[in-house]
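The structure under discussion appears below in the form of structure tokens.
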Amino acid sequence: MSNIKKYLLVFGAGSLLLFSGFGVKSFADSVWAGHQNVQAVRQDITTLADRIQDKNRKIVDSTNQLAVFNNQLTQSRNDLQTAQSNVSAMQSQLISLQGQLNDANASFQAQLQQKIAETQQAIADGNNKVQAKQQEVDARQQDVANARQSLEQANRQIADLQNQISQLTERNKDLDAALRDVQDLQNYADNTVQQNQ
1 MSNIKKYLLV
11 FGAGSLLLFS
21 GFGVKSFADS
31 VWAGHQNVQA
41 VRQDITTLAD
51 RIQDKNRKIV
61 DSTNQLAVFN
71 NQLTQSRNDL
81 QTAQSNVSAM
91 QSQLISLQGQ
101 LNDANASFQA
111 QLQQKIAETQ
121 QAIADGNNKV
131 QAKQQEVDAR
141 QQDVANARQS
151 LEQANRQIAD
161 LQNQISQLTE
171 RNKDLDAALR
181 DVQDLQNYAD
191 NTVQQNQ
């Protein structure tokens, strides 16, 4: 038997004795006062008994309610422990997930930096190739310019040579004419000498 039930039984018994003593005293007074008070005393005893029974019922109801509340409290404590266990498990999962997220972020950042470095290196290599190709193009253009300049100079030299050839051709013609004149003169002189011998 629980302490509360013992307390309630002691309280009920004490109340019963108190009211019973009060009822006995009232009854004795009523006997001395006369027979007409017997019914009133009986009514008082009945009322007192009803009150005691009512209080006992209330005590039982309170005890039952207290037991229900204790059960609810126990259930609530169990629910609280379960919830706390769930919270602890979720916190552990959260810590694990945060660790995984941090690892994933670190790996992603490393890969990203590597990709950035590779891209920058590829850009630098491409720029170097473009620069080398541009230098090659510039060199070819310079070669073309030099070749054009050489061609122009050669054309000028050819033109000069052609002019010289033309001039020499004219001089040769003049020399041929002079040679013919000299030969003609020599022939004339030879003929004249032969005729006058």
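The sequence shown begins at 1 in UniProt numbering and counts up by one. Think of the CB as a built atom: it goes at the ideal place given N, C-alpha and C, for glycine as much as any other residue.
Rounded straight-line distance, which links the Cα of residue j to that of residue i
| i | j | result |
| --- | --- | --- |
| Q91 | A83 | 12 Å |
| A145 | A132 | 20 Å |
| L175 | N163 | 18 Å |
| A178 | R171 | 10 Å |
| I165 | E152 | 20 Å |
| D143 | E136 | 10 Å |
| I93 | V87 | Note on identity: in this sequence residue 93 is Gln, with Ile being the wrong assignment. Approximately 10 Å between the Cα atoms of the pair. |
| V31 | T46 | With a pLDDT of only 49 at V31, under 50, the local geometry of the prediction cannot be trusted, and the value read off the model is given with reservation. Straight-line Cα distance between these residues: approximately 17 Å. |
| V182 | K173 | 14 Å |
| Q195 | L161 | 49 Å |
| K115 | A106 | 14 Å |
| K129 | A110 | 28 Å |
| D50 | V41 | 14 Å |
| N127 | Q120 | 10 Å |
| A89 | D54 | 51 Å |
| S62 | S96 | 50 Å |
| Q75 | Q39 | 53 Å |
| D190 | D184 | 10 Å |
| Q167 | T192 | 37 Å |
| L73 | Q100 | 40 Å |
DSSP-derived helix/strand/coil call for residue i
| i | result |
| --- | --- |
| N105 | helix |
| N163 | helix |
| N196 | coil |
| V24 | Note that V24 scores a pLDDT of 46, beneath 50, so its modelled location is shaky and nothing firm can be said. |
| V31 | With a pLDDT of only 49 at V31, under the threshold of 50, the placement of this residue in the model should not be trusted; the figure read from the coordinates follows. Reduced to three states, the DSSP call for V31 is helix. |
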